[in-house]
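These notes concern the structure reproduced below.
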Amino acid sequence: MGEYTVHIVDDEETVRKSLAFLLTMAGFTARVHESATSFLAVAPGLRCCCLVTDLRMPDMNGVDLLRQLGASNAMMPAIVVTGHADVPMAVAAMKAGAVDFIEKPFEDEVLFDAIKRAAERIGGPESDTDNAAVVQSRLELLSERERQVLSAVVDGKPNKSIAYELDISPRTVEVHRANVMAKMQAKSLPELVRMTFAVKRSEA
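Right, dumping it as structure tokens:
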């Protein structure tokens with residue numbers, strides 16, 4: 001799977017071991033860390049690697065871990081995994097630098113694909129360009145109203161708030177959201193968030 005190491009940060013030993021076993025059997029090189037704090041201690045010396053971190057941990061959550069990595073110039077391509085996903089958390093993770101945000105339970109291939117996307121960004125974000133072009137072409141399929149709904153959804157606003165702001169019914173918002181998901185070919189809200197951030201990074 002290339003000359004890179006996948007570092008797993010999770011406070012639950014069984015999860016760490018099962019993920020490491022899964023990745024090793026799939027051909028990845030994996031290392032485990034029991035907390036965000038212990039990973040931060042070694043992160044500055046790591047090279048050619050990516051990170052898979054749990055979101056909710058007792059000492060420091062996954063988003064704060066990414067923020068700390070960025071502040072110490074030790075940022076690396078990262079994937080945030082959680083069993084309690086919501087759009088505001090996905091947005092926070094992406095703003096903190098995450099490449100992907102995955103909800104538990106997930107299929108093995110979903111994690112493998114996310115790691116491969118993260119590995120493509122080792123050394124820089126240039127590889128986002130092609131993906132961003134694909135997403136941009138899908139964005140162009142959206143109507144003006146669908147774009148407004150997409151923007152509000154990515155901001156983490158609930159349907160009732162979106163309906164009030166756009167002066168439409170919550171049911172109409174649901175229809176627009178479904179259309180957005182279909183046109184963007186997004187399987188989940190976190191994936192939709194990842195897509196929009198890929199475009200924003202390419203424009204930065």
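All the letters of the sequence shown, read from the start, carry residue numbers 1 to 204 under the UniProt record's numbering.
C-beta: ideal position from N, C-alpha, C; glycine also.
Q) Using DSSP with H/G/I as helix, E/B as strand and the rest coil, what is R121? A) coil
Q: Can you tell me which of K116, V193, V63 and N179 puts its alpha carbon nearest to the alpha carbon of T37?
A: V63
Q.
Checking the sheet assignment: what are the DSSP bridge partners for I79?
A. Per DSSP, the beta-bridge partners of I79 are V52 and D100.
Q.
Classify N73: buried if its beta carbon has 16 or more other beta carbons within 10 angstroms, exposed otherwise.
A. exposed
Q: Using 10 angstroms around the beta-carbon of C48, count the other beta-carbons present and answer buried if the total reaches 16, otherwise exposed.
A: exposed
Q) Among R138, M75 and A163, which residue has its Cα nearest to the Cα of R121? A) M75
Q. Between the Cα of P58 and the Cα atoms of S35, V153 and K183, which residue gives the shortest distance?
A. Comparing Cα-Cα distances from P58 to each of S35, V153 and K183, the minimum goes to S35.
Q: State the Cα-Cα distance for the pair V87 and R138, rounded to the nearest angstrom.
A: 20 angstroms
**Q.** Cβ separation of C50 and A96, assumed to be a contact under 8 angstroms, to the nearest whole Å
**A.** The Cβ separation is near 15 angstroms, so there is no contact.
Q) Under the three-state reduction of DSSP, which class applies to R47: helix, strand or coil? A) coil
Q | H84 (DSSP reduced to helix, strand or coil) | A | Assigned with DSSP and collapsed to three states, H84 falls in coil, not helix or strand.
Q. Can you give the beta carbon distance from F112 to A186, rounded, assuming they're within the 8 angstroms contact cut?
A. Taking the Cβ atoms as the reference, F112 lies roughly 19 angstroms from A186, outside the contact range of under 8 angstroms.
Q. Could you check where the alpha helix (DSSP H) with A36 kicks off and where it finishes?
A. Bounds of the alpha helix (DSSP H) holding A36 are A36 to V42.
**Q.** Test: I115 CB closer than 8 angstroms to a CB of chain E
**A.** Absent from the structure: chain E. Only one protein chain is present.
(Q) At the level of alpha carbons, what is the spacing between L166 and R147? (A) Those two C-alpha atoms are separated by around 12 angstroms.
Q. To the nearest angstrom, how far is it from the Cα of K160 to the Cα of P170?
A. 6 angstroms
Q) Apart from the five residues on each side of it in sequence, which residues of its chain come closer than 6 angstroms, Cβ to Cβ, to E126? A) Residue placement at E126 is flagged as unreliable, the pLDDT there being 46, under the threshold of 50; the coordinate-derived value follows with that caveat. Within the same chain, and ignoring the five residues on either side of E126 in sequence, no residue has its Cβ closer than 6 angstroms to its Cβ.
Q: Pick helix, strand or coil for I8, following the three-state DSSP scheme.
A: Annotated three-state conformation of I8 is strand, per DSSP.
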